[in-house]
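The numbering used here numbers the first residue of the sequence shown as 112 and each following residue consecutively. Where is the CB? At the ideal position from N, CA and C, for every residue including glycine. It should be emphasised that the depicted structure is a prediction, and the values quoted were computed from it without experimental measurement.
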Amino acid sequence: MDAALEAEPGNPDWWFNMVQIYLTNFTQVMKIRGWDRAKVYEEAMRMSERALALSPHDYQLMYDHALNHFLADRFGVAPDWVRAARAWQEACKRAHNDSQRFECTLNEARVHLRAGNSGRARECLEQAQALAPDSPVVRQLLNDLKD
């Protein structure tokens, strides 16, 4: 696993690929490295940040990094919702079209909902609704906030 990173440490694709390996094959990584689940997740996120540092304008890298914040619980790590929201905001800045901006804004709303910040969640949902007025997901989440 480490040979690719050692051969080309400046290649963001290798770092991204390692993140995917760590998060999808975590039991093997735990066995090979002698780590627990939390350590695997923390190292995967560190590698994700490294990939972003090497390719700071890459939408897909930022999107995947932001998405990986939703996995924290599965790895026994307390989610950092502030960092997750910031990651979605950064992904939105790199988005190439309204569809991508919608996804990022909707996911930021989900982060705020999980963090218990309904006011900010509502703002994000309203922004998402402006991008996709017919979205049933946004409509349902906004209705859930009214209850």
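Locate the alpha helix (DSSP H) running through residue i, then write down its first and last residues.
i	result
Glu119	Per DSSP, Glu119 belongs to no alpha helix (DSSP H) and is neither H nor E.
Val188	No alpha helix (DSSP H) holds Val188; DSSP gives it neither H nor E.
His223	209-226
Ala232	229-242
Met112	Where Met112 is concerned, there is no enclosing alpha helix (DSSP H), given that its DSSP letter is neither H nor E.
Asp124	123-135
Asp258	No alpha helix (DSSP H) holds Asp258; DSSP gives it neither H nor E.
Roughly how far, in whole angstroms, is the beta-carbon of residue i from the beta-carbon of residue j, given that I think they are within contact range, below 8 Å?
i	j	result
Leu182	Leu217	Actually they do not touch by this definition, with Cβ atoms about 18 Å apart.
Asn179	Met156	6 Å
Leu242	Arg212	6 Å
Val188	Glu153	7 Å
His176	Leu163	6 Å
Ser246	Gln238	About 12 Å separates the two Cβ atoms, so there is no contact after all.
Can you check whether the C-beta of residue i is within less than 8 Å of a C-beta belonging to chain B?
i	result
Pro244	Here there is only one protein chain, and chain B is not present.
Looking at residue i: is its Cβ nearer than 8 Å to the Cβ of residue j?
i	j	result
Arg161	Trp199	no
Arg233	Leu256	yes
Pro244	Asp169	no
Met112	Met158	no
Met173	Ala149	no
Arg225	Trp192	yes
Cys268	Glu219	This structure leaves residue 268 out entirely; the chain is present only between 112 and 258.
Going along the chain, which unbroken runs of the alpha helix (DSSP H) with 4 or more residues stay wholly within the segment 146-199?
148-165, 170-179
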